[in-house]
Amino acid sequence: MDLLPGDRAADADLAALADLLAGPLLPAARGLLGCRLHAGEVTVRITEVEAYAGTAGDPASHAHRGRTPRNAVMFGPAGHAYVYFTYGMHWCMNVVTGVEGEAAAVLLRAGEVVDGLPTARARRPAVRRDVDLARGPARLCSALGVDRSAYGEYLLGDGPLRLRPPARPVPPEAVVAGPRVGVTGAHDLPWRFWLDGDPTVSAYRRHVPRTRR
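Residue numbers (the numbering used here): 492 to 704.
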């Protein structure tokens, strides 16, 4: 059966997103802003991300010391989900980028719930404002219902977790760059990107080393 014009356009947009994710890290990170992440009934529009360079000398990356069972999916190919558990209670999700072996990835830091609000609210009953439902990497995963089962999922396919291009292009002037949040190494690199003025973007917190007493 022939594809309708809208189907062909959607396929072309998805192919362009796949090419972007397989390319250099920082353009891929910027290009994820405005993308939509679908998980069951809930859809989140991505508003904030952080880039991590993996084996390219980024001490803040989970892969900077090499491959482990935990980070294996980061080594490629691009377009897969790297999900990890942190602080003994939270899940966080990255999108793998770049060529195989680089272990580059982009942390999804925040988003706006644009579909499935009742489900997202039920998952986060203590949240009073909808703009806070996915404001922060752990909150984003909680709102979407993302956990360990999403590890390694191919996000550009038709699986339960699907990443799709923005409904409307994001103009370059709408994107702001700054330091990453709470990292212990290379904390001044401007590898955090967010949509200027969006209320769902998380607050910046610089890592403060603990002093020994």
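Ideal placement from N, C-alpha and C gives every residue a C-beta, glycine not left out. Everything numeric in this text was worked out from a predicted model, so none of it was measured.
Contact check, residue i vs residue j, beta carbons under 7 Å
i	j	result
Glu-591	Gly-570	no
Leu-479	Ala-542	Because the chain here runs from 492 to 704, residue 479 falls outside it and cannot be looked at.
Thr-588	Ala-519	yes
Thr-691	Thr-538	yes
Ser-693	Ala-617	no
Ala-594	Ala-554	yes
Arg-536	Val-622	no
Pro-628	Leu-598	yes
Residue i to residue j span [Cα, whole Å]
i	j	result
Asp-649	Ala-677	36 Å
Arg-620	Val-586	27 Å
Arg-630	Trp-682	21 Å
Leu-635	Ala-611	7 Å
Val-564	Pro-670	25 Å
Arg-556	Ala-641	24 Å
Glu-603	Asn-562	27 Å
Val-637	Asp-502	25 Å
Tyr-645	Leu-652	8 Å
Ala-665	Leu-686	6 Å
Local conformation of residue i per DSSP, three classes
i	result
Gly-522	helix
Leu-505	helix
Val-672	coil
Leu-646	coil
Residue(s) in a DSSP beta bridge with residue i
i	result
Val-540	Leu-599, Phe-684
Arg-626	Ala-601
His-462	It is not possible to answer for residue 462, since the shown part of the chain is limited to 492 through 704.
Whole beta strand (DSSP E) elements within the stretch 552 to 609, 3-residue minimum
Annotation: the stretch 552 to 609 contains the following complete segments of the beta strand (DSSP E) (minimum length 3 residues), in chain order: 572 to 577, 581 to 588, 595 to 606.
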